[in-house]
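Residue numbers (the UniProt record's numbering), protein chains in the order written: chain A, 1 to 300; chain B, 1 to 300. Each remark here refers to the structure printed beneath this line.
There are 2 protein chains.
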Amino acid sequence: MTHPAAPEPTTPQSSPSEWLTDSNGQIALSIRFQGKPLFQEKSPYQTVEVFDTYSCGKMLTIDSMVMCTEWDEAAYHEMIAQVPMLTHPGVQDVLVIGAGDGGTIREILRHDHVQKITMVEIDEAVIRASQQFLPGIASAFNNPKLDLRVDDGIKFVENATAESYDLIVIDSSDPVGPSEGLFTKSFYEGVFRALRPGGVVTVQSESPSFNPKAFTELNLCLKAVFGSDSVHCYLLHIPTYPTGMWSLTYCAKQGPHPLKDFDYAKAEQFTEAHCMRYYNADVHQAAFCLPTYVRKMING
Amino acid sequence: MTHPAAPEPTTPQSSPSEWLTDSNGQIALSIRFQGKPLFQEKSPYQTVEVFDTYSCGKMLTIDSMVMCTEWDEAAYHEMIAQVPMLTHPGVQDVLVIGAGDGGTIREILRHDHVQKITMVEIDEAVIRASQQFLPGIASAFNNPKLDLRVDDGIKFVENATAESYDLIVIDSSDPVGPSEGLFTKSFYEGVFRALRPGGVVTVQSESPSFNPKAFTELNLCLKAVFGSDSVHCYLLHIPTYPTGMWSLTYCAKQGPHPLKDFDYAKAEQFTEAHCMRYYNADVHQAAFCLPTYVRKMING
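Quick look at the structure:
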């Protein structure tokens, strides 16, 4: 039986199990967890929680929005990190904004040629919760190449030295609360400035199906800053995000094209050596092939 | 604001709006609808309902499982029909099992070279509900090339003349209730027999993330009948199915390979001429590129 009777996210109080619900008001994804939250803290920025789910392992949420689960985090972290890392031939200096769970830096640090990652996460509660309850994701915080700053990513980018990074990853939560400023043109102008010529950026760019307005607006914003021909949206399956269909966006500053300059054989070799769980060279290329209605949302 | 406060699928009674929940007991997708169900009938086989949702148009459900919504039905119907139709060079005789909403035959009948579609749907309530409330999906029921039978697809396939179809589409609901027999080896042996040499089959093959057991078992079953090299799983994004990640499977009986024998230019021209909403030639190819963990689920 794959479909037992519908559960009742409706009456959590009356049940020993509970449901975490991530909703936009019209569509909602609920994930069942056992017992009480393992971590629950109202930080100065947001409510950070960790749940022990029945089928997805431990799950990190911020203001009831799913950030990641142990079960399917590889999709997001491998795709936001390996698509640029396996396109750009020799990333040395990296800036990561957000990404408090640590999955993105874990992926970037698989590449020995990386010299230094500066990571700026505004909320230390996210880091602390992840280190305590998601050690498989938060596994790279002690790496000596990491310069971790608990600070405001927007201000950090404003003050960053020009042309100092080969790769910048904007691994934000959704555009409410502290992440709102990560979805503005002035922020991305700063990102562009901080990037070396030849450098690349990847951005968490929301869902065409769940957040269509944020998705299209961010794409327009990135094209205004990087130029239309240098902005490439790609899709992935994240089963524990509402609607499961999520996007990331690759932008280049006179940098490599994610398909034309892609070294398939090298990526395939890397994928196998590191036992990637979601990413592979075929998926890298396929992710940029958008369904027609998604193409139209961003190409007019 | 893309994320207003979580709604309360929890207290439908106290709210003017309601939520339809599709769940496997651990993960649940809820879609909000207005008013009462537009259609609600307990047929001899199942409960068939149509809802008027807030963000997905009209929605057809069977036993609280989402079958399709007006908003995103194109993904499923175009991908189950156009992938084989644009791979096989000249389909004339088609058998469709299930597919009571009509979307699959609408897609197949875009191709003038089709001579006849025999469609076998067990539950006339599904057809009736779709004709009444989903006219954009159920638009082809009056086509003179259609031979519609309200009958048991399993028995129909058992008694079908050998080697009589170029394309067979198994467009079933999930493997509970009347669709359970559509997930067995003996059924697919019948399908294989009914197929002309050179013919192809597409099958609704469940979700690797939401129904992993049904997904892997069906893949094994199809490989046992068609041979491993002739079975090709492909993925698509269906935002209104739980986890959003769904699979279809293409099988050939000494028939064309869905990538090696694919005519990209012809598919692209067809896509544009028919204003496809999801399918395009790039997506056709990309859909067969599986994330590594999905590959492993079916390749061991």
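Quick reminder that beta carbons are idealized off the backbone N, C-alpha and C, glycines included.
Tell me whether A/GLU78 is buried or exposed, calling it buried when 16 or more other Cβ atoms sit within 10 Å of its Cβ.
Flag for A/GLU78 reads buried.
Is the CB-CB distance between A/ILE298 and A/ASN211 below 7 Å?
No. Outside cutoff.
Cross-strand partners of B/ALA28 (DSSP beta bridge)
Beta-bridge pairing links B/ALA28 to A/SER30, B/SER23.
Interface residues of chain A facing B/PRO258 [CB-CB closer than 7 Å]:
What B/PRO258 touches in chain A: nothing, since even the nearest Cβ is about 14 Å away.
Counting only runs of 4+ residues fully inside the stretch 168 to 240 of chain A, write out the alpha helix (DSSP H) ranges in chain order.
For the stretch 168 to 240 of chain A, whole alpha helix (DSSP H) runs of length 4 or above, ordered along the chain, are 185 to 194, 212 to 226.
Hey, A/ASP171 and A/GLY199: beta-carbon distance below 7 Å or not?
Against a cut-off of 7 Å, the Cβ pair of A/GLY199 and A/ASP171 comes out as no contact.
Classification of A/HIS113 by the beta-carbon crowding that lies within 10 angstroms, buried from 16 upward:
Under this definition A/HIS113 is an exposed residue.
Output yes if chain A places a C-beta closer than 7 Å to the C-beta of B/CYS68; else output no.
Judged by the 7 Å Cβ criterion, B/CYS68 is not in contact with chain A.
List the residues of chain B that A/MET245 touches, going by C-beta distances under 7 Å, in chain order.
Counting only Cβ-Cβ distances below 7 Å, A/MET245 has contacts in chain B at HIS237, PRO239, GLY244, in chain order.
I want to verify the contact list: residues of chain B whose CB lies under 9 Å from the CB of A/VAL126, in sequence order.
Near A/VAL126 there are no residues of chain B at all, since even the closest Cβ is about 17 Å away, more than 9 Å.
Closest Cβ-Cβ distance between B/GLN34 and chain A: below 7 Å?
False, the Cβ-Cβ gap to chain A never drops below 7 Å.
Determine, for B/MET276, whether the minimum Cβ-Cβ distance to residues of chain A falls below 7 Å.
For B/MET276, the closest Cβ of chain A is nearer than 7 Å.
Range covered by the beta strand (DSSP E) that runs through B/THR249:
Residues 245 to 252.
Consult DSSP for A/GLN92 and reduce its assignment to one of helix, strand or coil.
Reduced to three states, the DSSP call for A/GLN92 is coil.
Excluding the 5 residues preceding and the 5 following A/PRO258 in the sequence, name in chain order all residues of the same chain whose CB lies nearer than 7 Å to its CB.
So the qualifying residues of the chain are VAL83, THR87, HIS232, TYR250, PHE288.
Extent of the continuous beta strand (DSSP E) to which A/LYS58 belongs
Boundaries of the beta strand (DSSP E) around A/LYS58: 58 to 62.
Let me see if you follow: with CB-CB separation under 7 Å, is B/ALA28 close to chain A or not?
True, the Cβ-Cβ gap to chain A drops below 7 Å.
Length at least 4, wholly inside the stretch 116 to 156 of chain A: the alpha helix (DSSP H) runs in chain order
If only complete runs of 4 or more residues are kept, the stretch 116 to 156 of chain A shows the alpha helix (DSSP H) at 124 to 133, in order along the chain.
DSSP beta-bridge partners for A/GLN40?
For A/GLN40, the pairing in a beta bridge is given by DSSP as A/GLU49.
From A/SER186 to A/PHE33, what distance separates their C-alpha atoms?
Inter-residue distance for A/SER186 and A/PHE33 is about 40 Å (C-alpha atoms, whole angstroms).
Quick check on A/PRO291: does DSSP put it in helix, strand or coil?
In this structure, DSSP gives A/PRO291 a state outside helix and strand, which the three-state scheme calls coil.
At the 7 Å Cβ level, is A/ALA286 part of the contact set with chain B, yes or no?
Judged by the 7 Å Cβ criterion, A/ALA286 is in contact with chain B.
Is A/SER55 close to chain B, meaning its C-beta is less than 7 Å from at least one C-beta of that chain?
Yes, A/SER55 lies at the interface with chain B (some Cβ there is under 7 Å from its Cβ).
Does the structure place the stretch 96 to 109 of chain A close enough to the stretch 22 to 40 of chain A that three or more beta carbon pairs sit under 8 Å?
Touching, no, given that fewer than three Cβ pairs across the two stretches are closer than 8 Å.
Taking only the alpha-carbon atoms, compute the straight-line gap between B/VAL191 and B/GLU124 and give it to the nearest angstrom.
Going from the Cα of B/VAL191 to the Cα of B/GLU124 covers about 23 Å.
Assigned exposure category for B/GLU49 - 16 Cβ within 10 Å defines buried
B/GLU49 comes out buried.
Measure the beta-carbon distance from A/THR243 to A/SER209 and round it to whole angstroms, keeping in mind my assumption that it falls under 8 Å.
Yes, they are in contact, since the Cβ atoms of A/THR243 and A/SER209 sit about 4 Å apart, within 8 Å.
Considering only the alpha carbon of each residue, which of B/CYS56, B/ASP72, B/PHE51 lies closest to B/GLN40?
Distances from the alpha-carbon of B/GLN40 to those of B/CYS56, B/ASP72, B/PHE51 put B/PHE51 closest.
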